[in-house]
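This note's numbering applies: residue 13 is where the sequence shown begins, and numbers increase by one. A virtual CB, placed ideally from N, CA and C, is assigned to each residue, including glycine. As structure tokens, the structure follows; a few thoughts come after it.
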Amino acid sequence: MPSLPLRVSAIALLSALAACAGHMEAHHGQHDMAAMAPSPTIGAQAQADVINAQGAKIGHALFREGPRGVVVMLEFNPRALTPGWHGAHIHQNGDCSDFAAGFQAAGAHMGHPEAGGTHGLLNPKGPEDGDMTNIFVADTDGPFAAELLAHGATLGAMGHGHHNAPLLGPKGAALVIHANADDHLSQPIGGAGARIACAALKP
């Protein structure tokens, strides 16, 4: 007959194995539920008009789902933006209605520090889900275009990559263009300055 210490050790071992099995089962259950959740089709599209601080349409934005983010294709009317570099970010709310107030209704960046993020594509602690590269506008009288990648975004409820900030979630999302370039390091918006244009995606 096993001694008391041996029996206690055996019981402890069996309890640990049972707990481990339960954890693995729960983990696999969550993984299976995630696998069954709807995922946007690669190539799926959404679109929105780009308006300026006077509420006038100055361009068009096309959002296309990719395997690791959303490709944003922008087309602008002549002289829609001043020549030079302009920061561009994805914001939390699909609301550009308060153009006269500087598009504050669009809220903060997706993945802003309040959601645990740190701004900046060049920041070792970043980036936020809404961070993107800058737009360069040449000094020209003709129409112009730009293409960006929203690396931490998706159009649907689940992304194909590491992040899955939904642009068509309950609050929608907005692409906001700023007056200055984003230095990709400074907090909270990389020194990009005022919000001068906005494109709202509605859920």
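Burial state of Thr166, where buried means 16 or more other Cβ atoms lie within 10 Å: buried
Reference Gly218, options Gly138, Gly114, Phe111 and Leu134, closest by Cα: The shown model of the chain, from 13 to 215, leaves out residue 218, and the question about it has no answer.
Phe111 (DSSP reduced to helix, strand or coil): helix
In DSSP terms, what Gly202 is bridged to: DSSP, once it has assigned bridges, lists no residue as partnering Gly202.
Segment contact flag, the segment 207 to 215 with the segment 87 to 107, C-beta cutoff 8 Å, min 3 pairs: yes
Coarse secondary structure for Ala117, derived from DSSP in three states: helix
CA nearest to the CA of Phe115, picked from Gly205, Asp194, Val188 and Asp195: Val188
Identity of the residues DSSP links to His98 by a beta bridge: Ile147
Status (buried if at least 16 other CB within 10 Å, exposed otherwise) for Asp153: exposed
Of the listed residues Ala60, Gly96, Pro90 and Gln199, nearest to Asp143 (C-alpha basis): Gln199
Inter-residue spacing [alpha-carbon to alpha-carbon] between Gly96 and Asp61: 22 Å
Three-state secondary structure assigned by DSSP to Asn64: strand
Distance between Gly205 and Glu159 (C-alpha atoms, nearest Å): 21 Å
Residues of its chain near Val82, where Cβ-Cβ distance is below 8 Å and the 5 sequence neighbours each way are ignored: Phe75, Arg76, Leu161, Ala162, Ala165, Thr166, Leu167 and Leu179
8 Å Cβ shell around Ala157 - same chain, five flanking residues per side excluded: Met85, Leu86, Glu87 and Phe88
Ile147 and Ala100 closer than 9 Å at C-beta: yes
Cα-Cα separation, Ala65 to Arg207: 8 Å
Alpha-carbon to alpha-carbon, His190 and Gly203: 9 Å
Assigned exposure category for Leu134 - 16 Cβ within 10 Å defines buried: exposed
Local Cβ density within 10 Å of Gly71, reported as buried at 16 or more and exposed below that: buried
Environment of Ala150 [buried if 16+ CB atoms lie within 10 Å]: exposed
Distance between Ala177 and Lys183 (C-alpha atoms, nearest Å): 11 Å
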